[in-house]
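Protein chains: 2
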Amino acid sequence: MARRPPIVGRFTREEVGLATRNSGMPLEALRYDVTPAGLHYLLIHFDIPYADPAGWRLHVTGLVEQPASIDVEDLKKLPSRTLRVTLECAGNGRGQGTPRYPSVPWLEEGVSTAEWTGVPLAEILHRARIRNSARDVVFHGTDRGFDRGIEHNFARSLPPAEALRDEVLLAYAMNGAPLLPQHGAPLRLIVPRWYGMASVKWLQRIEAIDRPFDGVQQASSYHFRRAPGDQGEPCRLMRVNSLMVPPGIPDFYSRRRTVEPGASEIYGRAWSGAAPVERVEFSVDGAWQEAELEAQGPLSAWRGWRVQWNARPGERQLACRATDAAGNVQPLEPPVDLSGFGNNGIQRIPVTVRG
Amino acid sequence: MARRPPIVGRFTREEVGLATRNSGMPLEALRYDVTPAGLHYLLIHFDIPYADPAGWRLHVTGLVEQPASIDVEDLKKLPSRTLRVTLECAGNGRGQGTPRYPSVPWLEEGVSTAEWTGVPLAEILHRARIRNSARDVVFHGTDRGFDRGIEHNFARSLPPAEALRDEVLLAYAMNGAPLLPQHGAPLRLIVPRWYGMASVKWLQRIEAIDRPFDGVQQASSYHFRRAPGDQGEPCRLMRVNSLMVPPGIPDFYSRRRTVEPGASEIYGRAWSGAAPVERVEFSVDGAWQEAELEAQGPLSAWRGWRVQWNARPGERQLACRATDAAGNVQPLEPPVDLSGFGNNGIQRIPVTVRG
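Each protein sequence line maps, in turn, to chains A and B.
Residue numbers 138 to 492, in the working numbering, belong to the letters of the first sequence in order.
Residue numbers 138 to 492, in the working numbering, belong to the letters of the second sequence in order.
Printed below as a string of C-alpha cells:
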C-alpha cells in the first residue's frame, strides 16, 4: 500500500475539495461550552451513508458467548448516560506545514465539544459475554471507499480494557437531539480522550477477535511516524492542546485581525487526553503570562481559560500553550510527523492593534 | 478599493482557511429534499457574532413614516409563513478555475435547501409605512470586518419592489428549529431565487434610503465582470444549475469514484432563480439523454430528477445540465467571470466502472 507523495508549498485541488466537504469549527465558536449543531467539526472519510434508521441493526459477533443483533430502538431502552466530550481530529493542524501529507489540510479548526447520549459499550459487551480470549474489539462502519488503493469499510479497534472503560458510549443522540446523518446516525461509537478516528460513525458491527486488528485505518493509517519506513506509534490519546478565540475583527480573505487598543479579555479552551489541563499561558510577542483557568467540568471535555490583555498599538503576535497534570506541555514548534498527526504546536495569531 | 490580484494554479493558505471555516454541502446530501441541519452550506464573511437574542432588536429606519424597534419575541407574534428555499452562493464553482479571484474556493458544494420560517418583510415595511420616495432598502447585519481595505458591517440592499415581494422573509427559524448562530440567529433575511449574499444574516437594521445603496458588498462586490475595469452587472437571481449525487464509492483523497457495472439510478437536483426548471439532461461521455423530472414542489426550491444508467465497464465521464422555462440553459464551459461569480457550467464527474 503506497503512501501518497508529500505536497510541497501551495495546496492541491484535492486538498481544497476535502477542506470544503469537511467542516472545521470556526474558532469564534470556542466561546460555546458545547459546540452548537452544525458547527462541530466533521471528518467524513468516504460518503455520508444514506441510512434508514428503521432497518438498522447493530451486530455483536466474534469471540462472544452471546452474539447479538440489536435494533436501535431496543438499544435506546437500555440504561444510558450523557457525557460532554471534546473530540479533535488526529490530523488537526496538518495544513500548517510544508511538505505535508495529502489529506484534509486542517489549519487548527478540527476540534469541537458535544454532549453525547448513549449506552455504555461495556453494557453491550457484558451482555454479549465477551470471551477472555478476545485481544481486540473491532468497530465496523457502513461507510465504504478506497484509501491508498485499498477498498474497505471504515473500521477501527480498541483493546478490550479500553473498550470496557465506562466512558465509551454507543451514542444515538448529540446535544439532546437525534444523531444527524453526518455525525453517524443512527449509531456511533464515542471514545472520550482519544483522537476522533476512534469514534467510529455509522456503526453496524462490533467484532471481538483473537489478534490485533489489521485493517488499514488501524494498522497503517493513524500512526505517528517521523521518517519513511518507521513502523510508528498508533495515534490514541489527544495530545495537550489549546486555542483562543481570535480577538478583534477579521479581514475577509486573509482572516488577519484588527484589534482596538486598551483593556480586553482573551478567551480560549484547552484539552488533553492524558490528564486534566492544569495550566494555560498566554503570550504577546513572546512574553508569557499565566491565564486564569475556569473550573474543570467533565474531564472528557475542554477547559475554559481567560486572560486580561492591555493591547498596545502596533503589530503583535499572540500565542497560548497548555500543560496537563501529567506534565505534557505544548511545543513551541509543531512536532515532526510524516502524516501531520498530533500537531499540538502552539497557536500563533498575528494582530494589528490600532493606534 | 483595490481588487486582490488573481491566483494562478494551486491554492493559497488563505483559500484553504476559507474552505475549512466555511462549509460546503457534501454532494451526497442532494438526496434530501431539505438539507439536514449542519449540512447546509455556510458562507461567513467575517466572524459569527456571539449574539444575545434576549437583547436583540430589529430597527426599521430611514424613509418610513413609523420608524420601529422590534423585539424578536414580538416579531414572532406576527403572522408568519414557512417557505422551502434553495440558496446558492454566488461564488459557487469559483475554485474550479485558474486564474481565479482570491476568495472562497468552492468547487460545487455551495448550494443547499432549507425550510425557513419568518414574517414576510412586506408586513414590516407596510407597518412602518415605507415612503414612496424610497429608492433602496438596506439590510444591515452586525457582522463586521474588512474587505479589500474597507471596514464595514455586512450590508446589502433590495429595490422596494423586490423587498415587498411576498416570498421575502425575516426568518427566525430553519427546518422547524430556532435559527442557529451560524445561520444568522436570531434574525436574518431570506430572499428566495437570489444568490445567497442577498439573504443578510444577523439582521439588525432595515433602512429605506432615497438613492441606490453604495456599500461595498452592494456596489463593488457581487458583480459579474468579464474584464478589469468593467462596471459589471450586479449578481441577483441564481442562474439555472444542476448537480447529481456522485455515484459509487469514493477514494478518500482524490474523491475519484468507482461504480459497479450494470443498471443503476442517478439522482440529482436542478434549480433556477429566473423560472421553473423544465428540463434536465444527463450524459455519459457526451451522449445526452433526458432525465425524468420529479413533480415541481415550491418554485423557490430545487427540483429532483433521476435517470436510469446502464453502466458499462471502463472510464466514463458523467455530466448533467438543466434548462429553465425562460430558456436559460447551463453552458458546457464555465462562463468567464473575473470574480468567479455565477459559475453554472455543467458538473462533470469522471468515474471508473468496474469490469
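Beta carbons are placed, not taken as given, at the ideal position from N, Cα and C, and that holds for glycine.
Predicted model only: the values in this text are computed from it and were never measured.
**Assigned secondary structure, residue 182(A) (DSSP; H/G/I helix, E/B strand, else coil)** = The answer is coil: DSSP assigns residue 182(A) none of H, G, I, E or B.
**Asked** Is the distance from the Cβ of residue 437(A) to the Cβ of residue 405(A) below 8 angstroms?
**Response** no
**Neighbour-count burial assignment, residue 363(A), 16 or more Cβ in a 10 Å radius** = Answer is exposed; the Cβ neighbour count stays below 16.
**Message:** Just checking: is the beta-carbon of residue 474(B) within a distance shorter than 8 angstroms of some beta-carbon in chain A?
**Reply:** no
**Message:** Let me check understanding here. Comparing Cα to Cα, which of 317(B), 237(B), 301(B) lies closest to residue 266(B)?
**Reply:** 301(B)
**Item:** Cβ-heavy atom distance, residue 155(A) to the ligand HEM, below 7 angstroms
**Value:** No copy of the ligand HEM appears in this structure; indeed no ligand is present at all.
**Request:** Could you tell me which of 377(B), 381(B), 356(B) sits nearest to residue 369(B), measuring between CA atoms?
**Result:** 356(B)
**Request:** Measure how close the beta-carbons of residue 520(A) and residue 446(A) come, nearest whole angstrom, since I'm counting them as under 8 angstroms.
**Result:** Residue numbering for chain A in the displayed model covers 138 to 492; residue 520(A) lies beyond these limits and cannot be assessed.
**Request:** Please decide whether residue 206(A) counts as near chain B, where near means a Cβ-Cβ distance under 8 angstroms.
**Result:** Closer than 8 angstroms: no.
**Message:** Run through chain A and tell me which residues come within less than 9 angstroms of residue 319(B), C-beta to C-beta.
**Reply:** Those within 9 angstroms of residue 319(B) in chain A are 163, 166, 173, 175, 176.
**Prompt:** Considering only residues of the stretch 200 to 225 of chain B, which uninterrupted beta strand (DSSP E) runs meet the minimum length of 3 residues and lie entirely inside it, listed in chain order?
**Reply:** Counting whole runs of 3 or more residues, the stretch 200 to 225 of chain B contains the beta strand (DSSP E) stretches 205 to 208, 218 to 225.
**Request:** With 8 angstroms as the threshold, decide whether the Cβ of residue 284(B) is near any Cβ in chain A.
**Result:** Closer than 8 angstroms: yes.
**Asked** The alpha helix (DSSP H) with residue 173(B) in it runs from where to where?
**Response** Run containing residue 173(B): none; DSSP gives neither H nor E here.
**Asked** Mapping DSSP to helix, strand and coil, what is residue 232(B)?
**Response** Here residue 232(B) sits in helix by DSSP.
**Item:** Whole-number beta carbon distance between residue 279(B) and residue 186(B), since they are thought to touch under 8 angstroms
**Value:** 5 angstroms
**Prompt:** residue 353(B) and residue 287(B): beta carbons closer than 8 angstroms?
**Reply:** yes
**Request:** Tell me, to the nearest whole angstrom, how far the beta carbon of residue 452(A) is from that of residue 398(A); I am working on the premise that it is less than 8 angstroms.
**Result:** Contact flag wrong, Cβ pair sits at about 13 angstroms.
**Request:** Please state if the CB of residue 239(B) and the CB of residue 144(B) are separated by a distance shorter than 8 angstroms.
**Result:** For residue 144(B) and residue 239(B), yes; Cβs fall inside 8 angstroms.
**Prompt:** Taking buried to mean at least 16 other C-beta atoms within 10 Å of its own C-beta, is residue 235(A) buried or exposed?
**Reply:** exposed
**Message:** With a threshold of 8 angstroms between beta-carbons, can residue 239(A) be considered close to chain B, or not?
**Reply:** yes
**Contact set for residue 483(A): own chain, Cβ-Cβ below 7 angstroms, skip 5 residues either direction** = 456, 457, 458, 467, 469
**For residue 242(A), the nearest candidate out of 342(A), 415(A), 158(A) (CA to CA)** = 158(A)
**Message:** In this structure, how does DSSP classify residue 100(B) when only helix, strand and coil are distinguished?
**Reply:** Nothing about residue 100(B) can be reported from this structure: the residues present for chain B run from 138 to 492 only.
**Request:** Going by CA-CA distance only, name the one from 294(B), 341(B), 392(B), 333(B) that's closest to residue 350(B).
**Result:** 294(B)
**Message:** So within the stretch 343 to 409 of chain B, which uninterrupted beta strand (DSSP E) runs reach at least 3 residues, ignoring any that extend past its ends?
**Reply:** With a minimum length of 3 residues, the continuous beta strand (DSSP E) runs that stay inside the stretch 343 to 409 of chain B are 378 to 381, 394 to 396, 399 to 408.
**Request:** Look at the Cβ atom of residue 274(B), then the Cβ atom of residue 345(B), and state whether they are nearer than 8 angstroms.
**Result:** For residue 274(B) and residue 345(B), yes; Cβs fall inside 8 angstroms.
**Prompt:** Comparing the C-beta of residue 453(B) with each C-beta of chain A, is any distance below 8 angstroms?
**Reply:** Chain A has no Cβ within less than 8 angstroms of the Cβ of residue 453(B).
**Request:** Under 8 angstroms by Cβ, that's how I've got residue 450(B) and residue 220(B) pegged, so tell me the actual separation to the nearest angstrom.
**Result:** The pair is not a contact, with the Cβ atoms about 45 angstroms apart (cut-off 8 angstroms).
**Asked** For residue 377(B), which option in 403(B), 283(B), 440(B) has the closest C-alpha, if you only look at C-alpha atoms?
**Response** 440(B)
**Message:** Can you confirm whether residue 478(B), when its beta carbon is compared against all beta carbons of chain A, has any partner nearer than 8 angstroms?
**Reply:** no
**Asked** If we cut at 8 angstroms on Cβ distances, does residue 390(B) have a partner in chain A?
**Response** Yes, residue 390(B) counts as interfacial toward chain A.
**Request:** Might you give, ordered along the chain, the residues of its own chain that have their beta carbon closer than 6 angstroms to the beta carbon of residue 476(A), omitting 5 neighbours on each side?
**Result:** Take residue 476(A), set aside five residues on each side of it, and the residues of its chain with a beta-carbon closer than 6 angstroms to its own are 238, in chain order.
**Request:** Ignore the nearest five residues each way along the sequence and tell me which others in residue 381(A)'s own chain have a CB closer than 6 angstroms to its CB.
**Result:** 403, 405, 457.
**Prompt:** What residues are listed by DSSP as bridge partners for residue 430(B)?
**Reply:** Residue 430(B) is bridged by DSSP to 442(B).
**Item:** Opening and closing residue of the beta strand (DSSP E) in which residue 490(B) lies
**Value:** 484 to 490
**Asked** For residue 269(A), is the classification buried or exposed, using 16 other Cβ atoms within 10 angstroms of its Cβ as the cut-off for buried?
**Response** exposed
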